[in-house]
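Chemist: Numbering (the UniProt record's numbering), first residue to last: 1 to 1157.
Even glycine gets a Cβ: it sits at the ideal position worked out from N, Cα and C.
Here it is, the structure, as structure tokens.
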Amino acid sequence: MYFGLQTGWISMMSMQSALLGYLFSLFYSRPMTRQELVVLQTTAVATGTMPLAAGFVGVIPALGLLDYKHDNAHPVKVGLFDGILWGCAVALFGVFLAPPLRRQMIIKEELVFPSGTATAQLISVLHETQEGTQDEERTYISQSGSRVTRRRGYEALPAEEPDVSDQDSVDDGEQNQLENYDIAQSWKILGSSFAASALLTLSAYFFPVVFNIPLFGVYLAREWLWYFSPSFSYVGQGIIMGFPTTLSMSLGMVFGWGILSPLSKFKGWAPGPTGDMIVGARGWILWVALAIICADSFVSITPTIYRLLRSAYLTLLSKGAVVVSEEIPEDEPASRLVPNKWVWSGLLASVVVGTVLVWFVFGYEGIKPWATVLGFIMGAVLSHLGARALGETDLNPVSALGKISQVFFAFLQPGNVVANIIAGGVAEAGAQQAGDLMQDLKTGHLLHASPRAQFYGQMIGSVLSIFVSAIAYNLYTRAYTIPGPQFPAPTAYVWLSFARLIGSGGGLPDHIKPFIINAAVITALIASFKAQALTRGKWWAKWIPSGVAFAIGFLNTPSFTIARLIGGIAELLYRRRVARLRSNGEAASDVECTDRESKEDVSDHKSEELFRSLVTCGICLQLYVDPVALLNCLHLACGACAKEWLKSSKSCHECRGPVRGVHDSHYALAVVEAYHSVAPNSSLCQERTPEVIAALREQYKPGQKLTIGEESEESSDESRSDSSESENEDNESPEEESYYRELRLHNDSCPFCDRAGGSGGEFMCPVPCARPADDVGSRTVPVGHTICSECHRFLPTRSDLLHLHCAVCTRTTCSEFGKSCLPSLTAAEVRVELELGVLRDADFRGDYELPLTHAFGDNEFERDIFRTWATNTDFSLQDLFREILAFRGSSLPKASWHGNANEAIGSPYVSVDDKVCTSCVLDLVEASLFEWWICKRQSGAIELPEDVTTREDCWYGVECRTARHNYRHAMNYNHICRKTSIDQQTESHDSPENGNRYVAYSGDLNTTFPAFSPSAIIFRDKGKELSFMCSSVRGTEPLADIIPGKATVWGFGYGVYVYYGEEGQEHLQDGSVQLLIDTKGMHWVPASCGVVPEGCRPVVGGRRVSAGRTLELHHCAVWWYGQRVPGYVCKDSGYAAITWGGQEWYFKDNYELLCWK
């Protein structure tokens, strides 16, 4: 409250609460666990934020400023008893709003909630520091970017107690001494800071000039309020705010009190004393600050509203699609959750009791009961917006939400300023409190704390804070004038002024309107620019002034802002000094405040270990600067490093695959920014000095187009002259040569085709292969043919020749047909050596890893169990292959991503005598691993720890979707079992022609990709990344093209990319996407030449509008280059089309058509 009455700004203090709670718990014999510490900081946050949520720093002081002449209402003074009743009216509504929001935003959407995630990281680091290497938990990064704590896989215990060397004992002793010294120093710093601040405040009572130093002269201090209050509490607030925020406040101070205030005084617009809020300059510049706050707040919440409206619009736009939002299972047992009946009964009771108490405190003339009820309903709606904005941006735009509620009630009760303020305060209280508590629930989710225990903590903290806040406010009003010089309560004037403005439209000072309009427009433009820069991960975005902080500089007198600026500068200098000492190699003990021993550095060290693989460039092995992703492999590098690398190479620095281009990686940049905020003092951050970063940015600027395989001018000239004939023939210049053309089909005909229709060799092709006539033809595979995987010439696919192809992916080579491969068309042509051999003779005695990508339904814990068992028993891949051959007998079943086992092209099983390529052998082993492993475990042939074998079976078994993202659930329940639960029966209805689809915006799929069962995985990309069928909406209804394609989940740091083909090229979708994950009732049917097999009804995938005709498109799948790729087929075109390697490829036959059963 002290902080809020001075600045209108209150911090949640969640990290500080967790740190202090941890330090206090060290006095007990058993320090608090992670979960206990979460509940403690949850209770502390609920207690500390009540003054702001209940309006004791804004709404209540505003009611005391009412003027009958302006507002037609007398001032409302809230005493101790009325303050307690008002607190009881609004204290618990937000607590009951939080549990429903938790399931939607934390469990389903997995919003980040940066402060909650950072608090979880701090608590985890504190306990890791205490527990050391004996800690049974570790932290990892989930796909959505959240840091979570999970259990380690089991480790076999040695038979005998190992000996511990004396050196280890010494090291442990030194570590314990360091930790004890660490704790002692922390308490010493805390105690000395407390004593110094108390001493200075006490001296101000005897020497008042201490808090009123005329820093710029007596005249400026007396006439223009330019004096300085060197309070340590103000300086501490500046340290907490950070330098960027205090800098924004200082800029506002200079502009408001150094420019606008004298201008309004000398022009006669504010003739009264400078500090007068009615006729003085302070009251005049208040309106400019109000315009800035409103503009900045509305712009900050606009993206959230836009995303919600866009999602609803896209749902309505896809008329033919049924939007299916798959239910994501709760990751906590019912005994740890807040029951729904508690929530709904609590909401109802809080509204009823709150309405009665508000009526009792302010009377019927103050606000009508129906208006109070609407205020609670408005709060419920606004809490959704506020919590979502907080989860995405770490900013709860309560200023904007409060103004929205005031505007709403201005229409319902025009001219009633009291009702406007009270109803707006009720609505803002719910939104503010629900948003703050969501941060705590995010922390609890990451550290597996009980939501019900947190709920109890929130209730206890909120109820306790009712009395603490009311008593504190009453004591402050007795000791000080509020608003007054010591406690100006700036947000009170904001509430009252806005209520007057929208209530009557009058009361504006002279000549203020042009300044209000200009300030609002400029602020909106700057805020929009800053939002865009933050979205794109620009490092300089944090230095763009914050509109709200800038306006606070107007509302507070310079005495407050100067002290906070000193605190911000101290924080900046501290960090820079530590960085300089570290870069010079000096001991960290030389840093003042014992920086080396601080918990922050322990956090930096731990974060560096956890994040290193995510934020370091694979070329320079240092922190990313302007990272880029290489296409198509999407491996990352610094922009400058990639530029230098690609000058002399056309291959990726990690996978050595071909590179066709680069694009800026906003995901990687966001991870780097998060790492900067979590571990600013780590060695990775310190190595990237401003000079180094500036030099790298001189070499590469974001968005810059890079030349791949750049040569010297002389060699380039020779190459141009030597290859002029080939340029004319191909109509393509060397500068335009890229990966799009590096995989080409040879123009030479199939060696077994005779153009006259006869046989040109030992084999007869089904249809003579004609020479392609154009560029599109060069990417068309004719009927009865495939290509050589090495030289890309055409080869036949007759049924009696299948023994020359891989029995799974159908790939083959010229050598299998007794022919030599043709020479390369280009120097950089993609040539992959295909290893074909008899399945039973597969040899994995080399450097092979166990194929565990999707073996256990993406269950990381079960993979850890198997991997640890295999390591401890020296069980190799060759051993596994032999075991599975013995388990399956004479044939192995294909995997789900090889096609529907009963309907795929060819047999659903592969004989041990068939030829299979090495990669497909690994897939077959992976497909049978689960059945073999469950058989071995049930037979007792495998020895596993008791805590693994005694776990209760999960109802959903290997099909469980929760286990993929909830490590605790995966650890507590056994998933090496088959599904035993019965799915809830939904109301039967006929599916639409295009199936049940999930409709979303392509850019939102990174965070809102729907849940799916492992059995739904029917496509995998080059690196075994998951791919799903989808349709991209191009244009606007009713003439939009809807083109079937694929959505690939590349993994954390890369996101979800949606691809579709058009005019021979592969494109990335930026718009509405219809995902088809649910394929129940569908099957794959062999087809060719665009003909739908008799008796089959294809699944409608989309349409293409061309020349006044609407062509219906269907989903198809093609085996191409070792992958099963989804695409589309149109019966009028006579071929199937897929996208691969940046282009569209066309197939006359050998494709599968998705049909209804």
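First and last residue of the alpha helix (DSSP H) that includes Arg102?
Modeler: If you look at Arg102, you'll find it in the alpha helix (DSSP H) that goes Phe93 to Arg102.
Chemist: Could you spell out the range, first to last residue, of the beta strand (DSSP E) harbouring Glu1144?
Modeler: Gln1143 to Phe1147
Chemist: Taking 8 Å as the limit between beta carbons, can you name the residues of its chain near Thr43, skipping five residues before and five after?
Modeler: Gly457, Gln458, Ile460 and Gly461
Chemist: What residues are listed by DSSP as bridge partners for Val662?
Modeler: Under DSSP, Val662 shares a beta bridge with Leu630.
Chemist: Is the CB-CB distance between Glu1112 and Cys1096 below 9 Å?
Modeler: no
Chemist: My parser needs the alpha helix (DSSP H) runs of 4 or more residues fully inside the segment 44-76; what are they?
Modeler: 50-53, 59-64 and 68-71
Chemist: Name, in chain order, the residues that DSSP records as bridge partners for Ala1047.
Modeler: Phe1028 and Val1058
Chemist: Along the chain, where does the beta strand (DSSP E) containing Gln1123 start, and where does it finish?
Modeler: Gln1123 to Cys1130
Chemist: From Asp664 to Leu1005, what does the alpha carbon distance come to, in whole angstroms?
Modeler: 19 Å
Chemist: Answer with buried or exposed for His969, where buried requires no fewer than 16 other C-beta atoms within 10 angstroms of its C-beta.
Modeler: The residue is buried, with at least 16 neighbouring Cβ atoms inside 10 Å.
Chemist: Quick one: which unbroken alpha helix (DSSP H) runs of 4-plus residues sit fully inside the segment 496-578? Chain order, please.
Modeler: Correct list: 513-535 and 547-555.
Chemist: Do the CB positions of Gln532 and Gly639 come within less than 9 Å of each other?
Modeler: no
Chemist: Give me the residue from Tyr227, Tyr700, Leu220 and Asp436 with the minimum Cα distance to Arg102.
Modeler: Asp436
Chemist: I want to know whether the segment 66-76 touches the segment 439-447 - three or more CB-CB distances under 8 Å.
Modeler: no
Chemist: Measuring CB atoms only, is the segment 245-256 touching the segment 474-493, in the sense that at least three cross pairs come out at less than 8 Å?
Modeler: no
Chemist: Tell me whether the beta-carbon of Asn994 lies closer than 9 Å to the beta-carbon of Ser1031.
Modeler: yes
Chemist: Going by alpha carbons, who is nearest to residue 1161 out of Ser907, Val921 and Trp897?
Modeler: Nothing in the structure corresponds to residue 1161, since the chain is present only between 1 and 1157.
Chemist: Considering Cα atoms alone, identify which of Ser876, Ala196 and Glu687 is closest to Asp843.
Modeler: Ser876
Chemist: Which residue comes first and which comes last in the beta strand (DSSP E) that contains Val1073?
Modeler: Annotation for Val1073: the continuous beta strand (DSSP E) segment containing it runs Ser1072 to Leu1076.
Chemist: Contact defined as beta carbons within less than 8 Å: I believe Ala371 pairs with Gln413. What is the distance between those atoms, to the nearest angstrom?
Modeler: Contact flag correct, Cβ pair sits at about 6 Å.
Chemist: Using a Cβ-Cβ cut-off of 8 Å (strictly less than) and excluding sequence neighbours within five positions of Leu1026, which residues of its own chain qualify?
Modeler: Ile1017, Phe1019, Arg1020, Thr1048 and Val1049
Chemist: Touch check for the segment 283-301 and the segment 229-247: three-plus C-beta pairs under 8 Å?
Modeler: no
Chemist: Nearest to Gln16 by CA position, among Ser261, Gly236 and Phe467, is which residue?
Modeler: Nearest option by C-alpha distance: Gly236.
Chemist: DSSP state of Trp955, grouped into three classes?
Modeler: coil
Chemist: How is Trp1084 classed by DSSP in three states: helix, strand or coil?
Modeler: strand
Chemist: When the Cα of residue 1159 is compared with those of Ala1087, Pro1044 and Asp1078, which residue comes out closest?
Modeler: Residue 1159 falls outside the range modelled here, since the chain spans only 1 to 1157, and no answer is possible.
Chemist: At a cut of 8 Å, does the segment 49-69 reach the segment 78-87 through at least three beta carbon pairs?
Modeler: yes
Chemist: Can you find the residues in the same chain that come closer than 7 Å, C-beta to C-beta, to Pro61, ignoring five residues on each side of it along the sequence?
Modeler: Ile482, Pro483, Ala489 and Ala492
Chemist: To the nearest angstrom, how far is the alpha carbon of Ile517 from that of Gln406?
Modeler: 20 Å
Chemist: Just verifying my parser: in three-state terms, what is the DSSP assignment at Lys936?
Modeler: helix
Chemist: Give me whichever residues DSSP pairs with Ala1137 in a beta bridge.
Modeler: Residue pairing by DSSP places Ala1137 opposite Tyr1128 and Tyr1146 in a beta bridge.
Chemist: With a Cβ-Cβ cutoff of 9 Å, do Gln938 and Ser1002 count as a contact?
Modeler: It is not a contact, given that the beta carbons lie outside the stated cut-off.
Chemist: Cutting at 7 Å between CB atoms, please list the residues of its own chain near Phe216, excluding the five before and the five after it.
Modeler: Trp226
Chemist: Specify the secondary structure class of His635 as computed by DSSP and reduced to three states.
Modeler: In this structure, His635 counts as coil in the three-state DSSP scheme.
Chemist: Please tell me whether Lys894 and Leu804 are closer than 9 Å, where the distance is taken between their beta carbons.
Modeler: no
Chemist: Secondary structure at Phe228, three-state DSSP: helix, strand or coil?
Modeler: strand
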